[in-house]
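J.: Just passing along the structure, written as structure tokens.
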Amino acid sequence: MGTDSECGIAGGSQGSGRDYISGLPDSILQSILLRLEGTEEAARTSVVARRWRSVWAELPELSLSMAHGHSPVDAALAAYSAPTIRRLEIKMPQSLWSRRVAIPADCVSLWLDFALLHLAGELRLKMPFVNMYTKTTREKEEIVLPLCERVTAIFLTFHGETLRFRLPPAGVFSALATLSISNVYVDGQELEDILCSRCPCLKQLVLDAITVRGGAHVFSIRSDSLERLEVTSQFHGCLQIVTPELQTFYAVFVSDFHIAAPKLSEVDWKTNIVYRPSHCHFAESGRHLQRLAITVNYGGWQLMQRFDTVKELVLDVQIAQGVQQYNSFLENTKKLATCEVLVVRLDIEHACKPTLLHLLRKCAGLRKLVVQVQFGSCMGVQPYERFLEDTNVLPKCKVLKVFLSLQ
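Note that the UniProt record's numbering gives residue 217 to position 217 of the sequence shown, counting from 1, and the numbers run on in steps of one.
This is the structure:
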């Protein structure tokens, strides 16, 4: 027979002596706790009834917050009793991003060791504004990622820390399918070794605002399994990509690369780096893409000329005021890749209608038009609605669907 507090949580009549909820299997109780805001909330249920005291400690997923420092995180991981966990998330709440919180790097090492022993799934460490130091010298310390053979996805976001991959001579990340690294310093040779020979099942790779130290003037990514690559980092030398299964390439700040990807179908070049054919090579790629997204006024039009047909063409249009800038836009967009779907993102406050009309006249076989107006535009969407209602404006097509929205 349960205590009074246990009867209260049961949901039955007061004093009935029956605890219906606590009698449920652990798997159902855990599914209830997983619906709470985080593991801290789940742990608080242990004071409600004796039956609940160990339930949270065997949850298949842990979502821990650094809102009150690292001690609650350390305690939660120390109390965890299940042999395997499928998801581990440790994050700094966005409300505290304006503060410079400091934690010992030793704690992060313990968290990664926990993942090495228990995690068979997804790892997320998101601490973009955390300064790490050693307990003894209080100097900046490196973070070492161990060889987690059962981890399927890794998402790491730090604050300019140094991430090392000191792995044994043998062994691979045999289950790793997704790797995302943000705002860290890395050793070029170590990262090359990881990407080229230690991740045989990697399908998605994100390198965001990383700084590569050491290594040769050519940084290589060679993978027989990679399907999606996002690079928003600057490399001092050439980025060489050999990926026979790659389908999606997203690049920002990359000015020198050679990519061999025969299955490439989607390219996103929304960057302020000018595309230079002499430094940006698409080898073994055909003349057709499923999707191409470019920023028109930053040399993206040169990339567009690399492909004859694009099923969906996305144009970010940003034109500075002035006749010279507008004439340059007209010259660069004399010829558009043949497309079925045209998405135009307008971030201009002048010559909007002539700009849109110019682009529409270049698309004879268009089937779908999407116009996205920058949110906060002084014009709003109403002038565009009236403009697009004029059938003389739109290209002559059998079927044309028009969508207009704020971006």
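Glycine is no exception: its CB is placed at the ideal position from the N, C-alpha and C atoms. What you are looking at is a predicted structure, and each value in this text was computed from that prediction instead of being measured.
With a threshold of 8 Å on Cβ separation, who are the neighbours of P277 within its own chain once the five nearest residues in sequence on each side are excluded?
T.: Locating residue 277 in the sequence shown gives position 277, where the first residue counts as 1. Excluding positions up to five away in sequence, the list reads Q302, R306.
J.: Indicate whether S223 and L195 have their beta-carbon atoms separated by less than 8 Å.
T.: Working through the sequence shown from its first residue, we reach residue 223 at position 223. Working through the sequence shown from its first residue, we reach residue 195 at position 195. Contact: yes.
J.: With a CB to CB cut of under 8 Å and the five nearest residues on each side skipped, what residues in its chain are close to A177?
T.: Translated into the one-based positions of the sequence shown, residue 177 becomes position 177. T152, A153, C201, L202, K203, Q204, listed in sequence order.
J.: Out of A209, L167, G160, state which residue places its alpha-carbon closest to the alpha-carbon of R198.
T.: Reading the sequence shown from its first residue, position 198 is the one you call residue 198. Of the listed residues, the one whose Cα sits closest to R198 is L167.
J.: Return the CA-CA distance between R124 and A115, expressed in angstroms with no decimal places.
T.: The residue you call residue 124 lines up with position 124 of the sequence shown. The residue you call residue 115 lines up with position 115 of the sequence shown. Taking the straight line from one Cα to the other gives about 10 Å.
J.: Where do the ends of the alpha helix (DSSP H) carrying C280 lie?
T.: By one-based count along the sequence shown, residue 280 stands at place 280. From DSSP, C280 is part of no alpha helix (DSSP H) but of the beta strand (DSSP E) over 280-283.
J.: Check this for me: beta carbons of F235 and V254, under 8 Å apart or not?
T.: Stepping through the sequence shown from its first residue, residue 235 is reached at position 235. Stepping through the sequence shown from its first residue, residue 254 is reached at position 254. Result yes, Cβ atoms of F235 and V254 sit closer than 8 Å.
J.: Buried or exposed: which applies to I28, given that a residue is buried once 16 or more other Cβ atoms fall within 10 Å of its Cβ?
T.: Against the sequence shown, residue 28 aligns to sequence position 28. Classification for I28: exposed.
J.: Considering Cα atoms alone, identify which of L34, A82, T84 is closest to residue 435.
T.: The requested residue 435 does not occur in the structure, where the chain is confined to residues 1 to 407.
J.: For a test of the three-state rule: what should DSSP assign to T391, helix, strand or coil?
T.: Against the sequence shown, residue 391 aligns to sequence position 391. Since pLDDT at T391 reaches only 49, below the 50 mark, its modelled position is unreliable, and the value read off the structure follows with that caveat. If DSSP states are grouped into helix, strand and coil, T391 belongs with coil.
J.: On a CA-only basis, which of P72, L24, P25, D26 is nearest E41? Give me that one, please.
T.: Residue 41 sits at position 41 when you count from the first residue of the sequence shown. Comparing Cα positions, the closest option is P72.
J.: Apart from the five residues just before and just after Y250, which ones in its own chain have a Cβ nearer than 6 Å to its Cβ?
T.: Taking the sequence shown and counting its residues from 1, the one referred to as residue 250 is at position 250. Same-chain partners within the cutoff: E230, D268.
J.: Sort out for me which residues DSSP pairs E58 with in a bridge.
T.: Mapped onto the sequence shown, residue 58 falls at position 58. Paired residue(s): none; E58 is not in a bridge.
J.: Please classify N183: is it buried, with 16 or more other beta-carbons within 10 angstroms of its beta-carbon, or exposed?
T.: Translated into the one-based positions of the sequence shown, residue 183 becomes position 183. Buried: at least 16 other Cβ atoms inside 10 Å.
J.: Counting only beta-carbon separations shorter than 8 Å, does L88 have a partner in chain B?
T.: Judged by its chain identifiers, the structure shown contains no chain B, having just a single protein chain.
J.: Just to confirm my understanding: we take E266, look at its own chain, exclude 5 residues before and 5 after, and list those with CB closer than 6 Å. What are they?
T.: Here the question's residue 266 lines up with position 266 in the sequence shown. Once the five neighbours on either side are set aside, the close Cβ partners of E266 are T248, Q290, R291.
J.: If you follow the alpha helix (DSSP H) that A76 is part of, which residue opens it and which one closes it?
T.: To locate residue 76, count along the sequence shown from 1; it is residue 76. Element bounds for A76: 71-79.
J.: Measure the alpha-carbon distance for S25 versus G69 and round it to whole angstroms.
T.: Taking the sequence shown and counting its residues from 1, the one referred to as residue 25 is at position 25. Taking the sequence shown and counting its residues from 1, the one referred to as residue 69 is at position 69. The sequence shown places Pro at residue 25, rather than the Ser named in the question. Looking at the two C-alpha atoms, the distance is approximately 33 Å.
J.: Which word fits S285, buried or exposed, when buried means at least 16 other C-beta atoms lie within 10 angstroms of its C-beta?
T.: On the sequence shown, position 285 is the one that residue 285 refers to. Result: buried.
J.: Which whole runs of the alpha helix (DSSP H) in the segment 180-224 are 4 residues long or more, in chain order?
T.: Complete alpha helix (DSSP H) runs here, min 4: 188-197.
J.: Could you pull the start and end residues of the alpha helix (DSSP H) that L118 belongs to?
T.: Working through the sequence shown from its first residue, we reach residue 118 at position 118. This sequence places His at residue 118; Leu is not what is there. Run containing H118: 105-118, per the alpha helix (DSSP H) assignment.
J.: What does DSSP give as the partner residue(s) for F257 in the beta ladder?
T.: Locating residue 257 in the sequence shown gives position 257, counting from the first residue. Partner(s): L239, C280.
J.: Report the three-state DSSP secondary structure of H68 (helix, strand or coil).
T.: As a first step, residue 68 must be located in the sequence shown, where it is residue number 68. Here H68 sits in coil by DSSP.
J.: From R228 to L246, what distance separates their C-alpha atoms?
T.: Against the sequence shown, residue 228 aligns to sequence position 228. Against the sequence shown, residue 246 aligns to sequence position 246. Whole-angstrom Cα-Cα distance: 6 Å.
J.: With DSSP collapsed to three states, give me the class of Q318.
T.: Translated into the one-based positions of the sequence shown, residue 318 becomes position 318. The answer is coil: DSSP assigns Q318 none of H, G, I, E or B.
J.: With K368 as the anchor, note down where its beta strand (DSSP E) starts and where it stops.
T.: For this step, residue 368 is matched to residue 368 along the sequence shown. Start and end: 368-373.
J.: Could you compute how far the alpha carbon of V343 sits from the alpha carbon of T355?
T.: Translated into positions along the sequence shown, residue 343 becomes position 343. Translated into positions along the sequence shown, residue 355 becomes position 355. Each residue's Cα considered, the two are about 13 Å apart.
J.: Ordered along the chain, which non-local residues of its own chain (more than five positions away) have a Cβ less than 8 Å from that of P83?
T.: The count along the sequence shown starts at 1 and reaches residue 83 at position 83. For P83, where only same-chain residues beyond five positions count, the Cβ hits under 8 Å are H118.
J.: Compare the Cα-Cα distances from D193 to each of S174, S220, T211 and report the closest residue.
T.: Translated into positions along the sequence shown, residue 193 becomes position 193. Out of S174, S220, T211, S220 has the C-alpha closest to the C-alpha of D193.
J.: How long is the line joining the alpha carbons of C107 and L207, rounded to whole angstroms?
T.: For the purposes of this step, residue 107 is taken as the residue at position 107 of the sequence shown. For the purposes of this step, residue 207 is taken as the residue at position 207 of the sequence shown. Rounded to whole angstroms, C107 to L207 spans 24 Å at the Cα level.
J.: Relative to the C-alpha of K362, which residue among R345, V373, L336, V341 is closest?
T.: Looking up residue 362 in the sequence shown gives position 362. The option with the nearest alpha carbon to K362 is L336.
J.: Could you tell me if V323 is buried or exposed, where buried requires 16 or more neighbouring beta carbons within 10 angstroms of its beta carbon?
T.: Here residue 323 refers to the residue found at position 323 of the sequence shown. Burial call: exposed.
J.: Could you tell me the boundaries of the alpha helix (DSSP H) in which D308 lies?
T.: Here the question's residue 308 lines up with position 308 in the sequence shown. Element bounds for D308: n/a, residue is neither H nor E.
J.: When burial is assigned at 16 or more other CB atoms within 10 Å of the CB, is G188 buried or exposed?
T.: Within the sequence shown, the letter at position 188 stands for residue 188. Looking at its Cβ environment, which holds 16 or more other Cβ atoms inside 10 Å, G188 is buried.
J.: Would you mind reading off the limits of the alpha helix (DSSP H) that contains A42?
T.: Taking the first residue of the sequence shown as position 1, residue 42 is located at position 42. 39-44 is the span of the alpha helix (DSSP H), which, as asked, contains A42.
J.: Can you have a look at D308 and say buried or exposed, based on whether 16 or more other CB atoms are within 10 angstroms of its CB?
T.: Along the sequence shown, read from residue 1 onward, the residue named residue 308 stands at position 308. Exposed: under 16 other Cβ atoms inside 10 Å.
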